[in-house]
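Trainee: Quick one: structure below, then a few questions.
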Amino acid sequence: MKTMILLACLCCTLFSCENVEKKAGEKLQTAREAFERGDFSEAKMQIDSIKILYPKAFETRREGISLMQQVELKEQEKTLVYLDSLLQKKQSELDAIKGKFTLEKDAEYQKIGNYLHPSQVEKNLHRSYLRFQVNETGQMSMTSIYCGPSNIHHISVKVIAPDGSFAETPASKDSYETTDLGEKIEKADYKLGEDGNVIAFLNLNKDKNIKVNYQGERPYSTTMTPADRQAVASVYELAQLLSSITEIKKEMEEANLKIEFVKRKMQEREEKETEQGEYPLDFDQAQKWYDGYIFEQAGHIYSPNSIIEAIQNKSFANSL
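For what it's worth, my numbering labels the leading residue of the sequence shown as 15, then goes sequentially.
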């Protein structure tokens, strides 16, 4: 009687395991179909659900891992194609306008040069004004330049539109003062993003007369010329384009790294399966299937018959 009950239990267990693998296999097939039609998100979701819903469907989960690597590889390759197309488009836009700017770059000392509007490169001696520049990676900055008979020791500026709206920089993190033939010269730099929104404010109000207040120990004010207002708008546009190109290149580099990683994992998996050769069985899976008995002195003891059958059949199943 006990033997019959034991056999019945083992049969139920075996049927249960086969049923689990079948259901997990259906999930895997759904994932494969999603992968074939290019729905990578759905494919990944179905593969992830196998581990959650059928944790003991080891063979299907193993196949799921292989499919997941294929999904991730195709996903990154698709991303790379899109980014390459976008980069070409942005590069064409850059080539169309960069000739309108002056690139200042000392090849011996500078790895990255700065683009300036031509109107702010020449004939600007002895003039107090706001100068705008953007480096080749898209980082834009503004420099408040003061020239006069005596120092005002300014560290920030406030720009005011005719309607009274304004923007104000925080204190500059990079400023210096000098004297040239008796003329006092002061410069303070402000990077876009650390400028109190002044650059964006000027770009928005490029068609209006803008008053500039230099803020320091002594008050000083000037009005932006039309050429300077055009300079900020043009350099701002160039900065947006250059920063986009820099970001795209960064994303392409990340995609390539992910592709290399996935390919390496796929290769390692293939090598592991080759090394396993005639007996491609995983010890961790064997431990989950055949818990055996635990003895204080000996640890886990497994059924020799179950292990031998698993090796011969190259799969796990409950022995009768």
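Glycine included, C-beta positions come from ideal geometry on N, C-alpha and C.
Return the CA-CA distance between T17 and L42, expressed in angstroms with no decimal places.
Mentor: Residue placement at T17 cannot be trusted, given a pLDDT of 46 that sits under 50; the coordinates are not used to answer.
Trainee: Please list, in chain order, all residues of the same chain as V276 whose beta carbon is under 8 angstroms from its beta carbon, the five residues on each side excluded.
Mentor: Excluding positions up to five away in sequence, the list reads Q83, E86, L87 and Q90.
Trainee: Once DSSP output is grouped into helix, strand and coil, what is the label at F180?
Mentor: Correct three-state label for F180: strand.
Trainee: Assuming the contact rule is C-beta atoms closer than 8 angstroms, G127 and N149 should be a hit. Round their C-beta distance to whole Å, please.
Mentor: Indeed, because the Cβ distance is near 7 angstroms, the residues count as touching under 8 angstroms.
Trainee: I need the DSSP call for E200, collapsed to helix, strand or coil.
Mentor: Correct three-state label for E200: strand.
Trainee: Could you round the C-beta distance between L216 and V246 to whole angstroms and report it? I think they count as a contact, below 8 angstroms.
Mentor: At roughly 5 angstroms, the Cβ-Cβ gap stays under 8 angstroms, so L216 and V246 are in contact.
Trainee: Cutting at 7 angstroms between CB atoms, please list the residues of its own chain near S58, excluding the five before and the five after it.
Mentor: Looking at the sequence provided, one finds Lys at residue 58 rather than Ser. The answer, listed in chain order, is M82 and V85.
Trainee: Could you tell me the alpha carbon to alpha carbon distance between R76 and T288, rounded to whole angstroms?
Mentor: So the two alpha carbons sit approximately 15 angstroms from each other.
Trainee: Are the CB atoms of G230 and I166 within a distance shorter than 8 angstroms?
Mentor: Cβ atoms of I166 and G230: closer than 8 angstroms.
Trainee: If we count the other Cβ atoms within 10 Å of its Cβ and call it buried at 16 or more, is I111 buried or exposed?
Mentor: So I111 counts as exposed.
Trainee: With a 10 Å radius around its C-beta and 16 neighbouring C-beta atoms as the bar for buried, classify G210 as buried or exposed.
Mentor: G210 is buried by the Cβ-count criterion.
Trainee: Mind checking I66: buried by the 16 CB within 10 Å criterion, or exposed?
Mentor: Exposed.
Trainee: If you reduce the DSSP assignment to three classes, tell me which class N33 lands in.
Mentor: Looking at N33 - three-state DSSP - the assignment turns out to be helix.
Trainee: Rounded C-beta distance between Y250 and M154? I'm assuming under 8 angstroms.
Mentor: With a Cβ gap of about 7 angstroms, Y250 and M154 count as contacting.
Trainee: Which of helix, strand or coil does DSSP assign to M15?
Mentor: In this predicted model, M15 has a pLDDT of only 48, less than 50, meaning its place in the structure is not dependable enough to derive any value.
Trainee: Nearest CA to the CA of G152: which residue from Q134, H131, L255 and E282?
Mentor: Closest option to G152, Cα to Cα, is L255.
Trainee: With three or more C-beta pairs closer than 8 angstroms as the rule, is the segment 172–179 touching the segment 220–227?
Mentor: A contact exists between the segment 220–227 and the segment 172–179.
Trainee: At 3 residues or longer, what runs of the beta strand (DSSP E) sit wholly inside the segment 120–196?
Mentor: Listed in chain order, the complete beta strand (DSSP E) runs (minimum 3 residues) inside the segment 120–196 are 128–130, 143–149, 154–162, 170–174, 180–182 and 188–194.
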